[in-house]
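Chains as they are written, first to last, in the numbering used here: chain A, 1 to 363; chain B, 1001 to 1363; chain C, 2001 to 2363; chain D, 3001 to 3363.
Here the structure comes first, spelled out in structure tokens, and everything after it is commentary.
There are 4 protein chains.
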Amino acid sequence: MATHRIGIMTGGGDAPGLNAVIRAVVKYAVGELHWQVVGIEDAFNGLLEHPRRLQDLTPKSCKGLLPQGGTILGTTNKGDPFAWPDGNGGVRDRSAELAEAIREEGLEGIISIGGDGSQAIGWRLMQEQGVPIVGVPKTIDNDLAATDFTFGFWSAVEVATEALDRLHTTADAHDRVMLLEVMGRTAGWIALYAGVAGGADVITLPEIDYDPERICAKIQQRKDRGRNFTLIVVAEGSTPATGEALPSARRHGRGHIVAGGAAQTLAQHITERLHVETRVTVLGHLQRGGSPVPFDRVLATRFGVRAVELIEQGRWGRMVRLRDGMITDVPLAEVARDPRIVSLDHPLFDAARKVGIEFGAAL
Amino acid sequence: MATHRIGIMTGGGDAPGLNAVIRAVVKYAVGELHWQVVGIEDAFNGLLEHPRRLQDLTPKSCKGLLPQGGTILGTTNKGDPFAWPDGNGGVRDRSAELAEAIREEGLEGIISIGGDGSQAIGWRLMQEQGVPIVGVPKTIDNDLAATDFTFGFWSAVEVATEALDRLHTTADAHDRVMLLEVMGRTAGWIALYAGVAGGADVITLPEIDYDPERICAKIQQRKDRGRNFTLIVVAEGSTPATGEALPSARRHGRGHIVAGGAAQTLAQHITERLHVETRVTVLGHLQRGGSPVPFDRVLATRFGVRAVELIEQGRWGRMVRLRDGMITDVPLAEVARDPRIVSLDHPLFDAARKVGIEFGAAL
Amino acid sequence: MATHRIGIMTGGGDAPGLNAVIRAVVKYAVGELHWQVVGIEDAFNGLLEHPRRLQDLTPKSCKGLLPQGGTILGTTNKGDPFAWPDGNGGVRDRSAELAEAIREEGLEGIISIGGDGSQAIGWRLMQEQGVPIVGVPKTIDNDLAATDFTFGFWSAVEVATEALDRLHTTADAHDRVMLLEVMGRTAGWIALYAGVAGGADVITLPEIDYDPERICAKIQQRKDRGRNFTLIVVAEGSTPATGEALPSARRHGRGHIVAGGAAQTLAQHITERLHVETRVTVLGHLQRGGSPVPFDRVLATRFGVRAVELIEQGRWGRMVRLRDGMITDVPLAEVARDPRIVSLDHPLFDAARKVGIEFGAAL
Amino acid sequence: MATHRIGIMTGGGDAPGLNAVIRAVVKYAVGELHWQVVGIEDAFNGLLEHPRRLQDLTPKSCKGLLPQGGTILGTTNKGDPFAWPDGNGGVRDRSAELAEAIREEGLEGIISIGGDGSQAIGWRLMQEQGVPIVGVPKTIDNDLAATDFTFGFWSAVEVATEALDRLHTTADAHDRVMLLEVMGRTAGWIALYAGVAGGADVITLPEIDYDPERICAKIQQRKDRGRNFTLIVVAEGSTPATGEALPSARRHGRGHIVAGGAAQTLAQHITERLHVETRVTVLGHLQRGGSPVPFDRVLATRFGVRAVELIEQGRWGRMVRLRDGMITDVPLAEVARDPRIVSLDHPLFDAARKVGIEFGAAL
């Protein structure tokens, strides 16, 4: 059995299950195969900074890691080695330097856990600098076309669903319209799944501009049938179809969407139109934090094992994925950058409408 | 054993444990003492509307009620019988009508579960209209001076604490400042208890105008010591001490505080001052919803039993309460309307400072 | 749009998600299609007893049902209409009587939510008595070959995984061997999934007779590496390979496995052999109870909608199922009665071994 | 400000909140007062073994510790320094050696977190060997007379209450008698509080020998009123009053109570007498594991701060405690070794009976 020495890193936004992937890689590669695994801190930054920030990972250093949220390696959205900030407002290419650092550390290749951006960087590193990469997909929004599900998604859905359960009891006691803003700037998967799981009456998605009047009509129709409350799930990226510009209150600073902006916009419309009380909850990063649900832990563990198997087989340049219930893999080159969004013919979208959920549009 | 026929109602905002009080009253009064208990819907509205909305309550109708959030009787903040909206923008006194309805329904008296407002109405009803009342205190903010704790408070603290646990892992992964806005317009108990229980670095309270600079200094100090994230709990009623008027974005419609306004105000200051990323979560009504924690279920059960005992003993005009770990009672006349707020010499406030929590003020 | 009047029932052991199926059927069939849906209580018993026990189901009667465990219709393992207890220790065929009752109630057909036993009865009823049936699969053990997953399974896995998380912290503090007995008499899926998700060191399955010596060796090996605790998941149907008869203590009454018997058997062996302290937890029906996780709620909702769609299309005699991530359906005649068990070449079993989990056998 | 160097240790069984005490001590003593705090591993064993096992504790080493179950210092029931196993089946006094080690390490005194046994050892160490001790009470059973509540108790009650919630839904679906065995060998506080919080129908306590016939009568009475299920909480130390010896199956090995023995004994009686199905769940160490509830985190934090305050004030020889809602302290000499048990005149016991809970005895 050949011995290998590989690096592992996490890039982009965090998602519950990152630590479970790291643990599985270490448990299998180090614990069973007796390889060496080196953790690189804060994506590639740990290799490009001086001094380098690296950790030798062993089964012992992974104790208690499986249920833990976040990532022990840290992560960042900043630090594309091909476009590294040069401090003068511009960028420069540090990819050759990075490849050199990887060789200096004796790393045969890298397991890169990250979203489509990270995977694209990995593929480019492999092509242009000859750095062997195996990818593990990560996106809490579940918007990567290459994989059916990624770890973290069902954990986020659980947070949002529990929130709906809580809001349901208090909405019912009070005759109120409750709005829950969830993550999803371009893809509304969390809103759709949590809305179905939590019994929402209305869901707004980034994929469908909603007509506030249809939503008000739904609230009124429920009232007419003796239901004095309505639960609305609002994806943070959803917008009204009325053509009005985004309220300025929704954006501030460096272009971030203001927490609660999308929900507040709709709440204001409802209050003005129907004179009912509305209440807004904004989950924000609660959806990223905390312990992964068992589904995500199992998936993350299987992704980690498969990543090591790919290296065992010398099959660098591929990304593991889940397809039709099976763990398989796909060439990194084929990992599309177009996000997978909710389509009108998705079966769950259809089922959601059949149990009476309103999406704010004639479809 | 004399037989009694009593009414029960819930008024004001809901809190986890309302159903547990109702259940305990019914289990003891109906199940053991063979009295009759009538549930009045939506506070006194159920008696003042035509037709009246009342429910005969039996142990069977309380099946599964103990863990259930909300209130099966419904509740409302509207409908003071002494100042009932007359439909023309004014109010009229319907208290005599209410007393008449209570007599017509054969109710010997009422168990009124509610906050200081409800208790004051109850006491006035008893004095002016001769309606016997026993009070059960309810305030999710724990700001009633007459009782050490009420049910619902620890449930709200648990929701906020779990949120901090979740934010902790993701903040740690990302080097971010996370702000969690919790309930508390005039009293900051939830912020204080949850902040201590969830390991917050900074807490802002309605009782202490905060200096944003001190908070930025705390963030910077943590950074200097290698802690790249900071967790901040923001009570919704807390405001900066800088003398600046409340940002207009914080208020809208009928004077409601905008969800997230207080957190957003502080977040904006931090972003502008320190150029760090901030993220805001707004719990809102999540804190009212869901199943009560065991502490609240036990307390609610004991309150319900004690309320019936007071009626057994003919001691109308009193409110049950928790004092120094014991269930006792207090004259309704003495239930102060001044909310109990966090004082600088409260032992938990002192302990919080000793474990290093910053309150944004030199104290 | 033709109007239909259909019955719905739940049979066999309960599983989280039964109410979510019922709700989805009612929401779609009654709320959207304006059919009539009649709930039959306690499987077919509600039609065979006098008076019959039936409920008209409407969207209103499904309020709050989605997150609720159990089944509002009740369920039972007793009452095969083809072999009904005659009270004298024998059985008699009441299937014609049942078919007659279904016709008398004006039911066009029945949605039968149940395990392989219920589905076989349904198929026989259709063939022999002409009662149209659509099946919805239910098995908390996930051992139905016809479907990849059923609702309730991931909820059970979550209960077991949370238990492992808890045991982990206390085992670690105390240098102990902790055994967790989970459901699974013939199929060890819950043990396998929860063991992987909860970081078990050892899993015993009904499918693999375990050698207690191998398990003791694993405990010892961990000790040698400085890990003074070991977490073991024991499926209730797992047995040692030593050829010894089952300890008499494991069985009592009418052939039930005694709660904790399998774990106690292994614990005793470990204590005697290694002189270490062991502690046993027996989850029992905790695994069936409580609110379904979002995965199960979504799956149950989709199953319910699909069952109604089958009836819309006149496709009686089929069972809905999940295959490769898609909701499809299969002829009731083909629903095999052989349970799907864990095979040695199942990918998760392989992954489990690769992260170092011991199954007590040389494989 | 004088500088101090103190030790801290955890002894006896673990309880959720131990880490929160350690964290509060370190945050205040090191972070604010700039003392030194040394963690001693596995109670006093870390000082008596060679090499010694000690940890310098800093705020940084306490990162993420607040919500964490178990104890980072480890704990053990073995190792009384006054009666240390000599390896030949006897014991010898190593207390002088321990005092010497404490002096060698430059420790001014020790914060000892433990139960009545640990506190008695601490007091003896102080008297006989001049080792300054401050005690922090710990007992998951809440049976220490000196304090109203200790951390860990409400966390255990929450685990047991959630279990009852789960069992309720499945019991209801199935017409069954469910038995939940909880901790409590001599004191039944967990059974009492969880039974009230979880809506048990029957509770058995170690303090009251139960008459199985009364419990069967309760089950039958519920059946007669249309309630086909019964929830029973069984404290592990409870026994029938029938005078029969404990079934041999309940004890094994070194005198441990067999997990589930108490519940199984009662279940068997019910099955034989009423011919109903029973199901047993045994929580075992689940009650010790996992994250402390907010109540316990706040209490543990306040205990930790107060322990440091006592040392600041030079008040060695005392134990912190909660009395009537206030954190106070008591001389170690007065910490009684008699456990506080449930008395028939305890107010919660009275309230439990008034909501209809049966304790298996005419009282």
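The beta carbon of each residue, even a glycine, is placed where N, CA and C say it ideally should be.
Source: prediction; values computed, not measured.
Chain-order list of residues whose beta-carbon lies under 8 Å from that of residue i (same chain, five-residue window excluded)
i: glutamate 2097(C); result: Leu2048 and Pro2081
i: alanine 361(A); result: Ile208, Asp209, Tyr210, Asp211, Arg214 and Ala241
i: aspartate 2350(C); result: none
Cα-Cα separation between residue i and residue j, rounded to whole angstroms
i: isoleucine 1102(B); j: arginine 1176(B); result: 57 Å
i: phenylalanine 2153(C); j: aspartate 2141(C); result: 6 Å
i: leucine 3066(D); j: proline 3294(D); result: 10 Å
i: valine 138(A); j: isoleucine 311(A); result: Note that residue 138(A) is lysine in the sequence shown, not valine. Spanning the two alpha carbons is a distance of roughly 19 Å.
i: lysine 396(A); j: lysine 2063(C); result: It is not possible to answer for residue 396(A), since the shown part of chain A is limited to 1 through 363.
i: arginine 2302(C); j: aspartate 56(A); result: 46 Å
i: serine 1248(B); j: threonine 150(A); result: Per-residue confidence for serine 1248(B) stands at a pLDDT of 41, beneath the threshold of 50, marking its modelled position as unreliable; the derived number appears in the next sentence. The alpha-carbon atoms of serine 1248(B) and threonine 150(A) are separated by roughly 41 Å.
i: asparagine 3088(D); j: arginine 3094(D); result: 15 Å
i: threonine 2230(C); j: leucine 3179(D); result: 28 Å
i: glutamate 1309(B); j: alanine 3191(D); result: 24 Å
i: aspartate 1172(B); j: aspartate 1148(B); result: 36 Å
i: isoleucine 232(A); j: leucine 266(A); result: 10 Å
i: histidine 3346(D); j: glutamate 1272(B); result: 57 Å
i: threonine 3239(D); j: valine 2280(C); result: 20 Å
Counterpart residues of residue i in DSSP-defined beta bridges
i: methionine 2319(C); result: Gly2135(C) and Val2330(C)
i: alanine 235(A); result: Val182(A)
i: valine 3037(D); result: Ile3006(D) and Leu3057(D)
Chain D contact residues for residue i, given Cβ-Cβ distances below 8 Å
i: leucine 1348(B); result: Val3298 and Arg3302
i: tyrosine 1193(B); result: Pro3294 and Val3298
Close-in-space but distant-in-sequence residues of the same chain around residue i (CB under 6 Å, 5 per side omitted)
i: alanine 2352(C); result: Val2196
i: valine 2276(C); result: Val2177
i: arginine 1207(B); result: The residue asked about is misnamed: residue 1207(B) is glutamate in this sequence, not arginine. These residues qualify, in order along the chain: Gly1188, Ile1341 and Val1342.
i: glycine 1007(B); result: Val1038, Ile1040, Leu1107 and Ile1110
i: valine 3330(D); result: Ala3146, Met3319 and Arg3321
i: asparagine 1228(B); result: Asp1175
i: alanine 24(A); result: Thr301, Gly304 and Val305
Beta carbon proximity, residue i to chain E, threshold 8 Å
i: arginine 1288(B); result: The chain labelled as chain E is not found among the protein chains of the depicted structure, namely A, B, C and D.
Partners in chain A for residue i, counting only beta-carbon separations shorter than 7 Å
i: lysine 2354(C); result: Tyr28, Glu32 and Val305
Same chain, Cβ closer than 7 Å to residue i, neighbours up to 5 away in sequence not counted
i: asparagine 3045(D); result: Thr3076 and Gly3079
i: valine 282(A); result: Glu181, Ala259, Gly260 and Ala263
i: arginine 1254(B); result: Reliability fails at arginine 1254(B), whose pLDDT of 37 lies under 50, so the model's placement of it is uncertain and the value that follows must be treated cautiously. Once the five neighbours on either side are set aside, arginine 1254(B) has no close Cβ partner at all.
i: lysine 1027(B); result: Pro1059 and Cys1062
i: arginine 297(A); result: Gly17, Ala20 and Leu66
Contact test: residue i Cβ vs the ligand PLP heavy atom, cutoff 7 Å
i: lysine 1354(B); result: The ligand PLP is not part of the structure shown, which contains no ligands of any sort.
Chain-ordered chain A contacts of residue i [CB-CB under 8 Å]
i: leucine 1167(B); result: His285, Leu286 and Gly289
Proximal chain C residues relative to residue i, where beta-carbon distance stays under 7 Å
i: valine 157(A); result: Pro2294
i: glycine 3074(D); result: Ala2173
i: alanine 351(A); result: Thr2301, Arg2302 and Val2305
Chain-ordered chain B contacts of residue i [CB-CB under 7 Å]
i: glycine 3199(D); result: Leu1066
i: valine 3196(D); result: Val1298 and Thr1301
Proximal residues of chain D, C-beta to C-beta of residue i below 9 Å
i: threonine 1161(B); result: Pro3067, Val3293, Pro3294 and Arg3297
ask   = Three or more C-beta pairs closer than 8 Å, one from the stretch 3217 to 3232 of chain D and one from the stretch 3312 to 3322 of chain D: is that the case here?
value = no
key: Sufficient close CB pairs (3 or more, under 8 Å) joining the stretch 3123 to 3142 of chain D to the stretch 3049 to 3061 of chain D   = no
inquiry  = Pairs of beta-carbons, one from the stretch 3150 to 3166 of chain D and one from the stretch 3274 to 3293 of chain D, closer than 8 Å: are there three or more?
reply    = yes
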